[in-house]
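**Q**
Residue numbers (this note's numbering): 1 to 344.
#1: Check whether the stretch 293 to 303 touches the stretch 325 to 332, taking contact to mean three or more Cβ pairs, one atom from each stretch, closer than 8 Å.
#2: Going straight from the alpha carbon of residue 225 to that of residue 161, what length do you get?
#3: Drop a sphere of 10 angstroms on the beta-carbon of residue 248, count the other beta-carbons inside from all chains shown, and report buried for 16 or more, exposed for fewer.
#4: With a cut-off of 8 Å on the beta carbons, I'd call residue 176 and residue 240 a contact; round off their distance for me.
#5: Go ahead and pull the three-state DSSP assignment for residue 323.
#6: Could you tell me the distance, in whole angstroms, from the CA atom of residue 267 to the CA atom of residue 282?
#7: Using three-state DSSP, classify residue 162 as helix, strand or coil.
#8: Report the rounded CA-to-CA distance for residue 11 versus residue 59, giving the unit in angstroms.
#9: Would you say residue 316 and residue 280 are within 8 Å of each other, going by their C-beta atoms?
#10: Of the residues 28, 40 and 54, which one's Cα is nearest the Cα of residue 66?
#11: Drop a sphere of 10 angstroms on the beta-carbon of residue 36, count the other beta-carbons inside from all chains shown, and report buried for 16 or more, exposed for fewer.
#12: Measure from the alpha carbon of residue 143 to the alpha carbon of each residue in 171, 129 and 157, then state which is nearest.
#13: Please report the straight-line C-alpha distance between residue 210 and residue 145, rounded to a whole angstrom.
#14: Give me the residue from 338, 61 and 17 with the minimum Cα distance to residue 357.
#15: Check residue 278 in the structure and name its three-state DSSP category.
#16: Can you give the Cα-Cα distance for residue 57 and residue 152, rounded to whole angstroms?
#17: Look at residue 149 and residue 213 and say whether their C-beta atoms are less than 8 Å apart.
#18: With H, G and I counted as helix, E and B as strand and the rest as coil, what does DSSP make of residue 117?
#19: Can you tell which of 130, 286, 165 and 228 has its C-alpha closest to the C-alpha of residue 154?
#20: Between which residues of its own chain and residue 290 is the CB-CB distance below 7 Å, once the five residues before and five after are set aside?
#21: The alpha helix (DSSP H) that contains residue 46, what's its start and end?
#22: Below 7 Å CB to CB, which residues in the same chain sit around residue 215 once its five sequence neighbours on both sides are set aside?
#23: With H, G and I counted as helix, E and B as strand and the rest as coil, what does DSSP make of residue 153?
#24: Less than 8 Å separating the beta-carbons of residue 228 and residue 271?
#25: Please name the residue in 285, 19 and 274 whose C-alpha comes closest to that of residue 319.
#26: Could you give the C-beta distance for residue 277 and residue 217, rounded to a whole number, given that I count them as a contact under 8 Å?
#27: How would you label residue 219, buried or exposed, when you count the other beta carbons within 10 angstroms and need 16 or more for buried?
#28: Helix, strand or coil: which one does DSSP assign to residue 293?
#29: Note down the Cα distance separating residue 255 from residue 69, rounded to an integer number of angstroms.
#30: Grouping DSSP H, G and I as helix and E and B as strand, with all else coil, what is residue 249?
#31: Starting from the C-beta of residue 44, find all residues in its chain whose C-beta is less than 8 Å away, skip the five residues before and the five after it, and write them out in chain order.
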């Protein structure tokens, strides 16, 4: 073992006392070579990459004795290297770029090594929700809306929880209203992000946001927060609120409602409306309703549906939306459960 071959001086003992498991892994990464290290990094998630990258920078100047102690089994390899510090910041940058590509590597390097440039918008995917919220809290709601639209829906929903309650409805309204963001607006957004990071991104027209994006964010928002935001949005733009609500819970989502909930819903809607809605849906969704009818009632219902013949898709979609609005009201009153964050 390393303890039998290395003299434990006070200096070495102090150095080893602060070594973390991540730093131990970083020493190995520095010894593997750029391509091999890059292959390993590809399998890590953003937080792990950031932590490991930071550790690689920290251990680059470890003493040879400390390295030998931590990785005794690699002593022969270490002797060929003379000193891990031959890698340093340049080594870390090469490994990150090989593993992640230039843009993501720049984002990680900007977090772990001062002075490394990164694109402000690219770094978003490598930040946690609280960090993003802290960064954009004082910005204009339109800027916040664009940034939320750039994020994964789950992350955007988390960011929303850290924003001031009074701005949340307006932000969601603006997310729903987004379509194409012109180069000038993207350049302005990049300038804002540049205050945190140090490199311009090329400005180009970008399409994101919209009703469905807003609905996805709201679907992943906590129930109590969702109610507050939707009420606020209703005060700002009732029609837009309704459109977002229509996209939050689609007719196909009813496949996840339990039997009791389906039965409650069936009692709350007119049979003709349900027949119309079932004209265009998956077999699985239709069976959720059929399975909650008696054999005799099911047969009569299907016969009546068949007798109605083909229907306009617009009418079918309207019937589905009306049923979903009824389902939402029943959900609000606790009479059935719509799957909440499971719906996207």
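Note that the Cβ used here is the ideal one computed from N, Cα and C, for glycine as well.
**A** Reading it off the structure:
#1: no
#2: 7 Å
#3: buried
#4: 6 Å
#5: helix
#6: Between residue 267 and residue 282, the C-alpha separation is close to 21 Å.
#7: Here residue 162 carries a helix assignment [DSSP, helix/strand/coil].
#8: 16 Å
#9: yes
#10: 28
#11: exposed
#12: Ranked by Cα distance from residue 143, the first of 171, 129 and 157 is 171.
#13: 10 Å
#14: There is simply no residue 357 to check, as the chain begins at 1 and stops at 344 in what is shown.
#15: coil
#16: Straight-line Cα distance between these residues: approximately 29 Å.
#17: A contact, by the Cβ cut-off of 8 Å.
#18: Here residue 117 scores only 42 on pLDDT, less than 50, and its place in the model should not be relied on; the value that follows carries that caveat. Correct three-state label for residue 117: coil.
#19: 130
#20: 298
#21: 46 to 59
#22: 244, 247 and 248
#23: helix
#24: Cβ distance not < 8 Å, so residue 228 and residue 271 don't count as in contact.
#25: 274
#26: Between residue 217 and residue 277 the Cβ distance is about 26 Å, and since that is not below 8 Å, they are no contact.
#27: buried
#28: Three-state result, residue 293: coil.
#29: Straight-line Cα distance between these residues: approximately 59 Å.
#30: coil
#31: 52
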